[in-house]
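Here's the structure, in structure tokens; my notes come after.
6 protein chains.
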Amino acid sequence: MKILAFGEVMLRYTVPEHMLLEQSDIVRMSTVGTGVNLLGSLSHLGYRTSMITQVPDNSLGKKVVADLRRLGISDEFVGYTGGHLGSFFVELGHGSRPERVTYQDRLSSSFCITDANAYDFESELADADYIHICGIALSLTEKTRDAALKLAKLAHEKGVKVCFDFNYRMSLNEDNSHLMMKKLYQEMLQYADVVFGSKRDLTDLLDYDDAKDADLYAKFTSDYNIDYFAGSSRSSDEHKKYFQGFISHGGELYKSKPREIRILDRIGSGDAFASGVITGLIEDWNFENTLKFAVANSVLTQEALNDTPLFDKEDVFSYLECDGKNELIR
Amino acid sequence: MKILAFGEVMLRYTVPEHMLLEQSDIVRMSTVGTGVNLLGSLSHLGYRTSMITQVPDNSLGKKVVADLRRLGISDEFVGYTGGHLGSFFVELGHGSRPERVTYQDRLSSSFCITDANAYDFESELADADYIHICGIALSLTEKTRDAALKLAKLAHEKGVKVCFDFNYRMSLNEDNSHLMMKKLYQEMLQYADVVFGSKRDLTDLLDYDDAKDADLYAKFTSDYNIDYFAGSSRSSDEHKKYFQGFISHGGELYKSKPREIRILDRIGSGDAFASGVITGLIEDWNFENTLKFAVANSVLTQEALNDTPLFDKEDVFSYLECDGKNELIR
Amino acid sequence: MKILAFGEVMLRYTVPEHMLLEQSDIVRMSTVGTGVNLLGSLSHLGYRTSMITQVPDNSLGKKVVADLRRLGISDEFVGYTGGHLGSFFVELGHGSRPERVTYQDRLSSSFCITDANAYDFESELADADYIHICGIALSLTEKTRDAALKLAKLAHEKGVKVCFDFNYRMSLNEDNSHLMMKKLYQEMLQYADVVFGSKRDLTDLLDYDDAKDADLYAKFTSDYNIDYFAGSSRSSDEHKKYFQGFISHGGELYKSKPREIRILDRIGSGDAFASGVITGLIEDWNFENTLKFAVANSVLTQEALNDTPLFDKEDVFSYLECDGKNELIR
Amino acid sequence: MKILAFGEVMLRYTVPEHMLLEQSDIVRMSTVGTGVNLLGSLSHLGYRTSMITQVPDNSLGKKVVADLRRLGISDEFVGYTGGHLGSFFVELGHGSRPERVTYQDRLSSSFCITDANAYDFESELADADYIHICGIALSLTEKTRDAALKLAKLAHEKGVKVCFDFNYRMSLNEDNSHLMMKKLYQEMLQYADVVFGSKRDLTDLLDYDDAKDADLYAKFTSDYNIDYFAGSSRSSDEHKKYFQGFISHGGELYKSKPREIRILDRIGSGDAFASGVITGLIEDWNFENTLKFAVANSVLTQEALNDTPLFDKEDVFSYLECDGKNELIR
Amino acid sequence: MKILAFGEVMLRYTVPEHMLLEQSDIVRMSTVGTGVNLLGSLSHLGYRTSMITQVPDNSLGKKVVADLRRLGISDEFVGYTGGHLGSFFVELGHGSRPERVTYQDRLSSSFCITDANAYDFESELADADYIHICGIALSLTEKTRDAALKLAKLAHEKGVKVCFDFNYRMSLNEDNSHLMMKKLYQEMLQYADVVFGSKRDLTDLLDYDDAKDADLYAKFTSDYNIDYFAGSSRSSDEHKKYFQGFISHGGELYKSKPREIRILDRIGSGDAFASGVITGLIEDWNFENTLKFAVANSVLTQEALNDTPLFDKEDVFSYLECDGKNELIR
Amino acid sequence: MKILAFGEVMLRYTVPEHMLLEQSDIVRMSTVGTGVNLLGSLSHLGYRTSMITQVPDNSLGKKVVADLRRLGISDEFVGYTGGHLGSFFVELGHGSRPERVTYQDRLSSSFCITDANAYDFESELADADYIHICGIALSLTEKTRDAALKLAKLAHEKGVKVCFDFNYRMSLNEDNSHLMMKKLYQEMLQYADVVFGSKRDLTDLLDYDDAKDADLYAKFTSDYNIDYFAGSSRSSDEHKKYFQGFISHGGELYKSKPREIRILDRIGSGDAFASGVITGLIEDWNFENTLKFAVANSVLTQEALNDTPLFDKEDVFSYLECDGKNELIR
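Structure follows, in structure tokens:
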């Protein structure tokens, strides 16, 4: 079982110990990104993974690729070009003080300036079972959206399952119009087998009318001939916070129970959920078990530092077995 | 709008990661003090600020003054004299284990050994709108209390608004008698326009009889001709802790609603509240909004590390807008 | 009052800031072990303590012994032999993500390869009042179990109070059979005055039939002529976690009230409870006060980093006085 | 005495303890740049300084500006715009292993995307004595070169002394032709009073024929009507390395003696030399003393970490007094 | 080109900043070992590499394998078994104070307890060009020496080039007799094509009579039918230290010039030299160039922290080009 | 063999990695002082040691006493009083940039405010062989000089060898006159058996006329009936620095050869030399060996971080055996 991902690799700078950026001259670097988080998780969950991306052709690029390998992700399809890597700063929250993310320029990154032709998608897809494409590529530059669409189309034709994550945020590139983005997403969705997103993606980006979740998702998956549409959401009561997930398939909507969560670092929660769902699909688990697993993987990740989930199947199963009540593992 | 503060600059040594002093050879230094905290906050909230103080004439003094500037506080009125700086150690708490503060000698600090005549208060007050004086100066040495009173009197005469913070702790200088301290505070209060303190300051230090809050505060502000008397307090129910504030003005008592709090580092909570109140007065907000703002500024500060609040108006407003429920800011 | 302990000294490597081992190249070392934790606590509580153990004869051994002294434990009875020290890694938990402990080999440690004859128990016991023996010694090697039994027998004969902690885990040495371990424990229990353990130790290891706690403990203490049998347990309701303790003496069972706990680092909770109980016995407090004290000492320890309790009597009393509600100590 | 600088503020990430980027996930941030280094030094040497630049309008920008103030540089003329800051990584060298610098994209930085019209040069120059312009601005974007030339011209007209540093590196923007760069530098040099550079700048960029240093510099300063042309150079014998400087003025060439140097961090050596020269000009020292001072300031800086010189006049004088032989200062 | 190595993976704990173990509670971990260092270097030099070894089946084992991948070494042939990893502490030296290494037990490590039959050498050697075997395997346990010899024999038969590094230290296992070790080495040498060692290995272990280097090495390579025998040595004059290397081939002895060295961390110098020599053999460089390259690779490594060389060909060539005189690389 | 020391315990804050105070918010704490350094060294060299001093009665005092024990120094004679500890900051030097020490107030420290009567010198001296008194006590406060003299007199009477270290610096207390200090030193010298100092102490403080070293020291030791007068000095040639020592005894002057030194941290060099000399006296080595040992102990200490020497006899002997040429110890 081999899973590819296409997307941008980013450098994350985390301010230590709940401090603000203004309070510390020291930051901790990690190599992240939607594809990195997803594949890092899937490699810990036991699958072969490989990242299709571009990094700077210098000592920073080498460091970042060393980090990919450290996460268990093959670097066979990583190209070295240009000199810039997108990055962001993270200041952790505490209590009601929110976590804060500050982005640096990514439009001039190695990934963003690389032409679709620079990749050899044909051979990269050769022995792949799944390819994951992050919607952010549609927002960045003409080059990244061309490459993403070309890759999706090719994978679709070759029978490699295409997973697509909406990951839509207007702020990524403010030159893009709503109409243009909608069209790009619509094109991409034609090729997609598994889609990750939220109701808001359907109503705000794709202009669906609001409706009951089950109905809306059924219509969406039918319109675009999508096998699985999955996503996660949050809720809270007076004393606690909760995280849960859903999968829509064949017109049916499956929902997990909400699981309590005490967030340490929220970033990457969706990627952790997605890698759990993909694991369920690969292993052919039923929807209840798949959702349980995906939610647990995401809760563990949000209760740990950094974006990338580092839990293997045994970690998640033993967590579920004690219903998250285990305080100490020897 | 320019706000001055007169008071001692102190070195805070924080033991990292919730450890005890005995467990770590590494500490993190920061430059704090009531005046520093207040002005640091007000400079982040958008006002010009300047500290009137004395620091050691050596590389430590230079570091400390660099820190003041880093916080946005002007060093134009900082003098270099002597060689000693007051300091304290902080061991953070966790759960029911309390945060612990251990003071080192401050009576021989540059600030404490400097004579009132060494300052040029006249010119320092020239373009000031507010001057904040910390009551601790009344407790320390004869020189600091002379300087504090001289400065307050002069500011009062020149129409600069005098903010005074009781900040009374017997332990600061055990040679001082209750009577002496009461007289010093009474003299100071004559010059004060805005006073920060608690009920206990009125009953224990000024010997007021206990009474209903509203009545007591009305009597106090009337006795000393004080415009605003403000303070904060804490409460808890079985599951949560809360923080709230009050302002007494013109015989009326205004109270905020309690806001839930999950403390990371409690020190500086009063200074954060005070800077919020002063902001409300400067901006001429109504009491409800002023208290909301001041409480939010203090909650954010207690849910962050270190004494000095580093939040700007947008931070506080966006916090209030989502009622502290935002988990992630991009 | 002088208390000895016999047992293994271990090196603990803690990954900083709630990170996983895979996320950090930096670890914090501390010198721990059941005996170390217990004596470190008792020395902070005001008693003379001394560790009977063996460490490597190299710079690591010297570091570890320096750490013992730092904790207030005398190194007069520490031998230097061999070159290996047992160690383990700790990854702190957060929320529902459990703390994780990963052991390295200890069977080839200096302690495990040292023969009973290498110790001079006779003179080491000369002016001791209590000797604490950790049950782990019975599980490790033939040498450690011989030494432990020899020492217990001798102490018993000389009238030094023998404290024994079950600390039984099958995983410590998988070559040992249930029957063999049971016999070793039965032999040890003959010499013991104060025993720390849990119900499970009685039913699973000693093959007692299940029964009401009070009855079972009464039978156990009577069977082996034990003065005090004590232990701790955990519980939780929907919103909170609790920690409590018991002492069985003279057929009676005394239980503390559960105290709420917010765990930072669970390891060492039993040792902190045990040192509190021993303090109560030394000071001849009644059972209610002894249990209150022991539970508070353990709660404080679990709400701090690292195994070894570093609290003195004043710390624990002031904690109990405010019922754990103090947020800040100056 | 007030000195301005116009140029880019950059974030420097230094890998700790002589490690390579691949070896560490932790980096130390500092706020640097030619103008920052120069003004930071001049503010430590006792002058008022102010930076004309643009930084991101987010928490990173605020951090960077706090750092400027920490260095003693006024932020009155710092604008907040865009979201990106140029940055570079530093891996320190050791012995014959060289220090390594890896740049990230700077062409999309706040500084690089800001139009000349966005600055209010007229009022910024109002009470300035000197303005320093870094040649890098000529290489970056059309906007920065327009702004730099506009500012230089205006300063020249208003009688503010213009200091210009060649700082020429082809690699900064590979789209620029030699001819274009030569013309831009020629235009700039018309307005310059004090110029920092090297022989190579004259021969390679301005196409001067090679000649004896004294003659070449005399011709250059005469051609462009430049008051002072200054620069530094390196040499070594079998056992040691040396650093020295020169000033060409009125057709005469003044050279310092070489001073031995043991480099810890070479970056910023030229800026430290330049701030020393400017100090000599301000104080009207003779050339021998000026060069001694400038070389000492640079040697101290290269024997310390980070770009920005943090030495005051007393530091440099006491260093010169003992001829760099003092091992310990109390 | 694919290179394998068979040997033990070890955990190195480095005390930071030139401190002694007694001075620091913090250590930096890295994953090292002769095979790891060699392959890590060769993967940076551009070749495919894969480690044949065993690590603990727990979170420590996973961390260590992640580190291998980070270095560019494939983990396809890494087995997970047992629970213990060999480790050592490093205290860096300074001036005449020597670097100090303190080993922990390795005889119970996953590698040492694994039987030859647990490996699938046949398929592991399938597409290998070189296999490197570290002599330490001959010293450790019966299992490691059986495995090493079996592997060497098989590789020899299959025409995979066998590189063997004496790496002989009596202290590794004091139960081994001189005679036994000599015989084991003699058996191994039958299979070896490239051997790394020193004169002392030949005289002290193999009992050769002392002779001129060239003659002795010629005899040794002829006796065992070895293609290349290579090694490095150190020298010093009053002011400096030097490092150099030799290769004996076909009866001829080739020596490099000594290169000056300023050691930061000496460990791994031989492995860095060996990877350089193997590179020269792979690339078919002449002996002068091969030795220059190997010496430069080792000097760079000793002037950097940690065992494993992280330099690529361009790093080494650019170092040689400027004869190690470059101070700064942009 | 038991050695006492009387003197002040101080907190040292070291800025990490060769940074300046202005560059770092993190400092590393250590517990030092002349007596601490001397006893720490002597305990590592194999003797029983005990410190007579006073520390704050709070968590800082406890930390400091834990550090004493960590160094191997008994805390049996440490009193807890007051709340302040003297401290200083250290910024390490590099190349020709000097190390810098910045003191904080010590005159209000626990040690300085404690009366001679608060000590029980009689019983503390009971089983002592040597007592070391630091001359700094004569400079600090009336209380410390009374206590020092009282203790010296009593020790002299009881036949405990008195070691006295001039350690004279006018800056310690600028209220003291030359005449007063001279008299105090003269009184102290009457009781001293072993004195550490320099020529300058004799000429500048005691007003001896300048003379040849041998003659001056002979006169001094004869005048005050001193057994041994010892000290160290520095020299340098163009390329290297050297450290050497002398002992004057019975009218004869013994000098060591200069030993090359590459300083990492110079502080404590005299204390390391003194502990080496005392070791020679205890062991009754000849002067040549004693001086060799003392110089080596001091060179090792200056080539390590922090004041306190941590070397045992084997460390020093093995250093001398290879004449400081060993690069790596396994």
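Protein chains in written order, with the numbering used here: chain L, 238 to 567; chain B, 238 to 567; chain E, 238 to 567; chain W, 238 to 567; chain A, 238 to 567; chain H, 238 to 567. A virtual CB, placed ideally from N, CA and C, is assigned to each residue, including glycine.
Roughly how many angstroms lie between the CA atoms of residue i and residue j, to the nearest whole one?
i, j, result
"Lys456 (chain W)", "Ile463 (chain W)", "10 Å"
"Gly283 (chain B)", "Lys550 (chain B)", "8 Å"
"Leu279 (chain H)", "Gly561 (chain W)", "34 Å"
"Phe483 (chain E)", "Leu490 (chain E)", "7 Å"
"Val584 (chain L)", "Lys387 (chain L)", "Chain L is shown only over 238 to 567; residue 584 (chain L) falls outside these bounds and no answer can be derived."
"Val269 (chain A)", "Trp522 (chain E)", "55 Å"
"Gly277 (chain H)", "Arg337 (chain W)", "41 Å"
"Leu375 (chain W)", "Glu520 (chain W)", "30 Å"
Once DSSP output is grouped into helix, strand and coil, what is the label at residue i?
i, result
"Phe401 (chain E)", "strand"
"Gly319 (chain E)", "coil"
"Tyr465 (chain H)", "strand"
"Thr527 (chain H)", "helix"
"Leu557 (chain W)", "helix"
"Val536 (chain E)", "helix"
"Ser435 (chain L)", "coil"
"Met247 (chain W)", "strand"
"Gln481 (chain H)", "strand"
"Ser414 (chain B)", "coil"
"Ile504 (chain A)", "coil"
Residue i touches chain W at which residues, Cβ-Cβ below 9 Å?
i, result
"His476 (chain A)", "Glu475, His476"
"Pro546 (chain A)", "Per Cβ cutoff of 9 Å: no residues; Pro546 (chain A) is ~10 Å from chain W at best."
Against residue i, what residues of chain B qualify as contacts under a CB-to-CB distance less than 8 Å, listed in chain order?
i, result
"Gly309 (chain W)", "Ala303, Arg306"
Name the chain H residues whose beta carbon is nearer than 7 Å to that of residue i?
i, result
"Pro335 (chain A)", "Asn563, Glu564, Leu565, Ile566"
If the cut is a Cβ gap below 7 Å, which residues of chain B does residue i touch?
i, result
"Thr339 (chain H)", "Asn295, Ser296, Leu297"
For residue i, return the contacting residues in chain L, with the cut-off set at a CB-CB distance below 9 Å.
i, result
"Leu248 (chain E)", "The contacting residues do not exist; Leu248 (chain E) stays about 16 Å from chain L at best."
Alpha helix (DSSP H) runs wholly inside the region 263-314 of chain H, at least 4 long, in chain order: 271-281, 296-307
Measuring CB atoms only, is the region 310-327 of chain E touching the region 353-368 of chain A, in the sense that at least three cross pairs come out at less than 8 Å? no
Any contact of the region 334-345 of chain A with the region 537-547 of chain W, i.e. 3+ C-beta pairs under 8 Å? no
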